[in-house]
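Numbering (the numbering used here), first residue to last: 64 to 218.
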Ligand SMILES: [Zn+2]
C-alpha cells in the first residue's frame, strides 16, 4: 500500500494545525486510486468543529456533506475517486492511534454498511514548521498495520 499526499493539501493542513494550537482537529481523507494499492490524497477535509486537548469527535453530518461534495466534484467515478479514511491531530501525544482511535476505526471498517475494502487513519502533528505524520490501515477483518506516507507534488 502506497499513499501520497498532494502538496497543496499538506500546506492546508499545516495552517489549520497552527491555528488549532493544542486542540485536536480532524476530518476525512479523499483521493484518487492511481494503481492497485497506490493512492493519492487529493483532499483533506477539515472539520469546522474542533476537538479538545485529548479527543476529536467526528461530526457525521459534516463528514457526509464533505463526501457528497467530493463525489460531485469527481463526477461519481467511485472506482477512481473515493473515500480513503479519517485523520486527526495529536498535538500533545505521539503519532500512534490511541486504544480509542483503534476501536473507532475497527468499528467503522467492520460495520456491515461499510462499502470499502479498507480505511486509513492518519495522525498528524505540527512540529515547529514541519507536519509529522503517521498512518495505519484498517481492513474489514479488523486488522491494522502501519503504512508509509509520502508527499507528492501536484494538486
Ligand atoms: Zn487520536
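C-beta atoms are modelled at their ideal positions from N, C-alpha and C, and glycine is treated no differently.
These numbers were taken from a predicted model, which means no experiment stands behind them.
Check for me: the beta strand (DSSP E) holding residue i runs from which residue to which?
i: residue 198; result: 193 to 201
i: residue 74; result: From DSSP, residue 74 is part of no beta strand (DSSP E) but of the alpha helix (DSSP H) over 70 to 83.
i: residue 185; result: 182 to 190
i: residue 117; result: First-last for residue 117: undefined, no H or E at that position.
Please check the pair residue i and residue j, which I expect to be a contact at CB under 8 Å, by giving their CB distance rounded to whole angstroms.
i: residue 103; j: residue 214; result: Rounded, the Cβ-Cβ distance is 10 Å, inconsistent with contact.
i: residue 119; j: residue 151; result: 4 Å
i: residue 185; j: residue 148; result: 7 Å
i: residue 169; j: residue 201; result: 6 Å
Which residue or residues does DSSP assign as beta-bridge partners of residue i?
i: residue 94; result: 104 and 145
i: residue 209; result: 199
i: residue 127; result: Beta-bridge pairing links residue 127 to no other residue.
i: residue 214; result: 68
Can you tell me the Cα-Cα spacing of residue i and residue j, whole angstroms?
i: residue 182; j: residue 83; result: 25 Å
i: residue 90; j: residue 153; result: 13 Å
i: residue 25; j: residue 64; result: It is not possible to answer for residue 25, since the shown part of the chain is limited to 64 through 218.
i: residue 95; j: residue 85; result: 31 Å
i: residue 73; j: residue 209; result: 20 Å
i: residue 197; j: residue 138; result: 30 Å
i: residue 180; j: residue 111; result: 28 Å
i: residue 81; j: residue 134; result: 29 Å
i: residue 165; j: residue 191; result: 27 Å
From what residue to what residue does the alpha helix (DSSP H) around residue i run?
i: residue 140; result: Segment: none, residue 140 is in no alpha helix (DSSP H) and carries neither H nor E.
i: residue 171; result: 162 to 173
Who are the near neighbours of residue i in its chain, counting only those whose CB is closer than 7 Å to its CB and skipping five residues on each side?
i: residue 206; result: none
i: residue 107; result: 72, 75, 76, 90, 92 and 150
i: residue 97; result: 103
Using a Cβ-Cβ cutoff of less than 8 Å, which residues in the same chain neighbour residue i once the five nearest sequence positions on both sides are dropped?
i: residue 217; result: Note on residue 217: pLDDT 45, under 50, position unreliable in the model; the coordinate value appears next. Correct list, in chain order: 69 and 70.
i: residue 195; result: 158, 187, 188 and 189
i: residue 122; result: 110, 111 and 112
Please return the same chain residues whose Cβ sits closer than 6 Å to the Cβ of residue i, not counting the five positions on each side in sequence.
i: residue 136; result: none
i: residue 109; result: 79 and 90
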